[in-house]
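Below you'll find the structure, written out as structure tokens, and then a few comments.
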Amino acid sequence: MKYAIVITYSFHPAWLQKTWQEREDYTRIHVEPIFASYAGKVSVRLFDAEAFSTRYSDFMLLETEDLKDYYYMIETLRESQLFKDNLVEFKEVILGIEDGFRNYERDVLNHPNP
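Quick note on the numbering used here: the sequence shown kicks off at 29 and runs consecutively.
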């Protein structure tokens, strides 16, 4: 099964006080290597949302077939300098299963899928 996870998050003022170049350098050094180490296991897409929500500034869309890989990636992020420096806060995690109803019908109800 393929899982989709949406994580909403907000950056703290200390992040926003950095210049664009400082943010780019920080991300390249502290965040991108984590995503790269899980490439092929967890896909990551990043979205800006500050113009559309007051509850969070950004969200990421993750996809994986193994929740263990997702969990380990999130734990690695939480142990990273990004969180140690208190620059970001996760707000909400939303998880779904792609075509979950079809899997249920096939596996539990024994209905063939079209």
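Just so it is clear, CB atoms sit at the ideal spot from N, CA and C, and this is done for glycine as well.
Give the C-beta separation of residue i and residue j to the nearest angstrom, bearing in mind that I take them to be a contact with Cβ-Cβ under 8 angstroms.
i, j, result
"residue 66", "residue 97", "6 angstroms"
"residue 106", "residue 88", "With a Cβ gap of about 14 angstroms, residue 106 and residue 88 do not count as contacting."
Could you tell me which of the options sits nearest to residue i, measuring between CA atoms?
i, options, result
"residue 60", "101, 93, 95, 79", "101"
"residue 43", "34, 55, 120", "55"
"residue 94", "124, 119, 132", "124"
Is DSSP giving residue i helix, strand or coil here?
i, result
"residue 128", "helix"
"residue 90", "strand"
"residue 83", "coil"
Applying the 10 Å Cβ sphere with the 16-neighbour rule, what's the burial state of residue i?
i, result
"residue 121", "exposed"
"residue 70", "buried"
"residue 116", "buried"
For residue i and residue j, what's the separation of their Cα atoms in angstroms?
i, j, result
"residue 77", "residue 50", "21 angstroms"
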